[in-house]
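Below is one structure, written out as structure tokens; the observations come after it.
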Amino acid sequence: MAPTAVDDAVVPMDVDKDHLESNGLDGEVVLQNAEKIKEEYLLLIREEDIPHEEECLRNPYTLKCWLRYIEHKKDAPMESRIFIYERAVKDLPGSYKLWKAYLDLRVSGLLEGPVNKETGLRKPIRDLRDREWERVNSCFERSLVLCNKFPVIWLTYCQFLMHQARPTQCRRTFDRALRALPITQHTRVWDLYLKFAKLVGGETAVRVWRRYIKLQPEQREEYVGLLLSLDPPRHMEAARVLASIVEDPKFTSGHGKSQYQLWTELCDLVTENPETEDPETRRDQRVERLDVDRIIRSGISRFSDQVGRLWNSLATWWMLQQEWEKARDVYEEAIRQVKTVRDFSMVFDAYAAMEETVLTRQMQELAQNGGADGPDDVDVDLRLARFEKLMERRPFLVNDVILRQNPHNVAEWEKRVDLWKERKNEKKIIETYHKAIETIHPKRAAGKLSLLWVHFAEFYEQKGDLDTARRTFEKAVTVPYKKADELADVWCQWAEMELRQENFDGALDVMGRATTPPRGGPAFHASIRYNDENREPQQRLFKSQKLWSFYVDLEESIGTMEGTRAVYDRIMELKIATPQIIINYAAFLEEHKWFEESYRVYERGIDLFGYPIAFDIWNIYLTKFIDRYGGTKLERARDLFEHAVDKVPPKFAKPLYLMYAKLEEDHGLARHAMRIYDRATRAVGDEDRYEMFTIYIAKATSYFGLTSTREIYERAIEALPDKQARDMSVRFSDMETRLGEVDRARAILAYGSQFCDPRMDAEFWKIWHDFEVKHGNEDTFKEMLRIKRSVQAKYNTEVNFISAQLLAARQQGQTEEPEAVPAPPTTMEELEAEARRIQAEEGEGQDQGARSQKNTRVVGFVRAKKTEPKVSAPPVEEPLAANPDEIEIGEDDSDEEEANMEQGAEVEGLAKRAIPEGVFGGLGADAAQADEKLGAKERFKRKR
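Under full-length UniProt numbering, the first residue of the sequence shown is numbered 1, with each subsequent residue one higher.
Okay, structure coming up:
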């Protein structure tokens, strides 16, 4: 049976009569009921609770006794637990632990489920009109009498009140909590307080947020969002808060917005909510009290590179105020101040749209009203002319924007001049040139400032005002340009202008002035470097190659012979001549029949430059000399060639030596030519040496016959790299063969075989094989095979060659079968295993080749009738296969064993057995037939 509730709480054992009467209750009746309630309470005490009751009676102020009692009754009904909690908090009213557990128990009887993170609410169990809500509120109030410094109790109480639809009581409770708790605990209260404000909305939410942003000004952005979400939105206060945000340089947006984005939001807010027609009813919803013009201009001054939208917002605000002239002034000011083309495009498009809108509306009003009480034709014509003028100004306005970005941009000033030229306004053209020259700083110019001066002078030239054009050039040559090349361009263009006016003497005078060195002695002039940026361009100009080249061309065209030579000589004295200038000078002298002078110019150029540039000059010089004199001045030509090849690098030696040898062949002695070819083979680089030997051999053959080339071949084989030495050995052998010296040819091939790995250079061994087939016998062929095996064994013992062979084999395998790509060996064991695998594959190929043949004779050989074995060298095995290239190196047969077997010696511990005929197949029968025709010694060798 549940206890009777009186005054929002369970009536305790000692009821105060006066307190009951103060609450509007009959004291006598309540006291009688209280006696009954006490009896009912006593019935809640069970027999098993008596020990805990006695302990609590003995120690009523000990918390652990009550906690043990409560733990004992945790499974008891709600009224029994409430009865114990009420007695406990009466004895221990300041215990936070008791009050927290008690309040959670009472709240759990009314709310269930998890807390919503957005609203902070739970699901109610009972109806809000139930008296139990009031009883729990009374419990919270009693707990806060002594536990008002604990934020958890305040938060639980406020959260509990949020479920009861009592905003005023809840708001006051939040205020009491803020007053009771220290400032360090306010953050916990405000989190729930703001959820309550969002849930309630209206004026309550506004006032709560006003107080909160005083404590947390960084949350003003959230406050703006709340104000705009209300119904109706409060634009005035939102604009004020936003204005305070954008004017605070320390503010950081919680949503990651930049200052520019906040400014644009403010501009949109103030421009989209202008003053209404009924200021009395909408006074709180408009932004008439804000100085919109000052706010937006403050943003424009802060964001100078992104102001297009802000200017448009300001103009839009004035248009919504029906202030069209002020809006137009704003647009004009904007297009004069924006610094980016993007902002200009935004402002200009909005400006044109406004003018078009106003013009269209006035034309419609004029058509409807006929001029009565409306705009007349003059206003319409004026606005139409203004609109057309605006559209014509667009190219100039864009040019102004770009020049505001960089006033030293030469190309944009040129574009501005072109715009005025299209409109044929000479006054503006001259004014633009003068303004550009005054504005552009020579050292900061973007582009060639010299072009601006030249075009300015050409403008006067086209008008026929040559005096002003010359004065312009006079000023131009005094400007301290960034580079001396620009100053040289100005002088050259000045001379070009004089040439166009056929003032040839004036052009030469201009170039003479331009090439005049500054004041100072020769030592000072020699110390000046053309690329020295620390000196003014006017001081370095006299060493300009461009200027001197133009000057010398001018002298050649319209000057005199002496003047041209003087200019060329001056160029060489200043040491600024280029190879092309040297060649041009020599050609000029040759054209005027000054041949010896031209040769001296070539020699001066060679001394001035050296290799590799001197190589081209030598080629031209020697060619010119030989073409003119041929063999008439042979000794002088030889001296020139000796001087040319004296210090020539190997890379450039070949053409000079060939030219030298050609001179001796045509006009000198053949043996001199051979000596030159011999010197050339030593002087040229490695990449040209083989070709040089080839030419040497060909020339020696043509002059002295084949036999004279033997020494050349021998030296070529010694001097050339292995690959080229192999090719030279083949050619040497072929020459000896043609002479009938077969033994010499065989010896040459044997010497060249040391450079040829059989696995890598199969072509060489095929040549030797064909040679032996054609000119050799059985013994020489066996000797070739022996040498081949020894060379192969030599290369197999070198790790580098093994690696190269394996790599070549893998590459060949990849070419034939790209699907199977073996992993490259990385250790010595893998290399050896790979080598054994390749040997095994070759051995299998040899066995297959041997089984496919019917006899062991080599076709084309002339077999000797009798052969005597040499004691010093063991006999060579006769190959069993018809293909002599496929051999198998036997590791068990040594020279000593072969010698012993040749002499008939026996080896201890070894027994001889006959080889079955099945091993040889058809070859065995053919061998037996051949043995019947041979002597005993030959049959013995065949058995081996």
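From the three backbone atoms N, C-alpha and C, an ideal C-beta is built for every residue, glycine too.
Rounded separation between residue i and residue j - CA only
i, j, result
"residue 528", "residue 515", "14 Å"
"residue 607", "residue 619", "15 Å"
"residue 439", "residue 410", "10 Å"
"residue 456", "residue 538", "21 Å"
"residue 369", "residue 379", "14 Å"
"residue 445", "residue 293", "38 Å"
"residue 634", "residue 667", "7 Å"
"residue 599", "residue 550", "24 Å"
"residue 141", "residue 94", "13 Å"
"residue 299", "residue 222", "21 Å"
"residue 467", "residue 621", "48 Å"
"residue 120", "residue 131", "23 Å"
"residue 434", "residue 472", "11 Å"
"residue 357", "residue 350", "10 Å"
"residue 696", "residue 678", "7 Å"
"residue 649", "residue 700", "26 Å"
"residue 479", "residue 442", "7 Å"
"residue 318", "residue 158", "49 Å"
"residue 212", "residue 183", "13 Å"
"residue 513", "residue 460", "22 Å"
"residue 597", "residue 603", "10 Å"
"residue 419", "residue 321", "38 Å"
"residue 530", "residue 488", "12 Å"
"residue 908", "residue 789", "A caution first: residue 908 carries a pLDDT of 41, below 50, which makes its placement in the model unreliable, though a value can still be read off. Roughly 28 Å between the two C-alpha positions."
"residue 89", "residue 99", "7 Å"
"residue 264", "residue 170", "38 Å"
"residue 78", "residue 85", "11 Å"
Within 8 Å, strictly: CB atoms of residue i and residue j
i, j, result
"residue 242", "residue 266", "yes"
"residue 573", "residue 564", "no"
"residue 189", "residue 199", "no"
"residue 511", "residue 554", "yes"
"residue 745", "residue 737", "yes"
"residue 362", "residue 383", "yes"
"residue 315", "residue 269", "no"
"residue 165", "residue 110", "no"
"residue 347", "residue 311", "yes"
"residue 148", "residue 101", "no"
"residue 532", "residue 540", "yes"
"residue 685", "residue 662", "no"
"residue 196", "residue 160", "no"
"residue 156", "residue 103", "yes"
"residue 450", "residue 486", "yes"
DSSP-derived helix/strand/coil call for residue i
i, result
"residue 409", "strand"
"residue 214", "helix"
"residue 123", "strand"
"residue 446", "strand"
"residue 863", "Caution applies to residue 863, whose pLDDT of 40 falls short of 50 and renders its modelled position unreliable; the value that the coordinates give is listed next. Coil at residue 863, not helix or strand."
"residue 112", "strand"
"residue 515", "coil"
"residue 763", "helix"
"residue 156", "helix"
"residue 331", "helix"
"residue 440", "coil"
"residue 947", "As shown, the chain starts at 1 and ends at 944. That puts residue 947 outside it, with no answer to give."
"residue 202", "helix"
"residue 619", "helix"
"residue 147", "coil"
Terminal residues of the alpha helix (DSSP H) in which residue i lies
i, result
"residue 128", "First-last for residue 128: undefined, no H or E at that position."
"residue 469", "466–476"
"residue 313", "308–320"
"residue 486", "484–500"
"residue 708", "Here residue 708 belongs to no alpha helix (DSSP H), and DSSP marks it neither H nor E."
"residue 225", "220–229"
"residue 344", "341–369"
"residue 61", "Premise fails: residue 61 is in no alpha helix (DSSP H) and is neither H nor E."
Contiguous alpha helix (DSSP H) assignments of at least 4 residues, all confined to the region 542–571: 545–558
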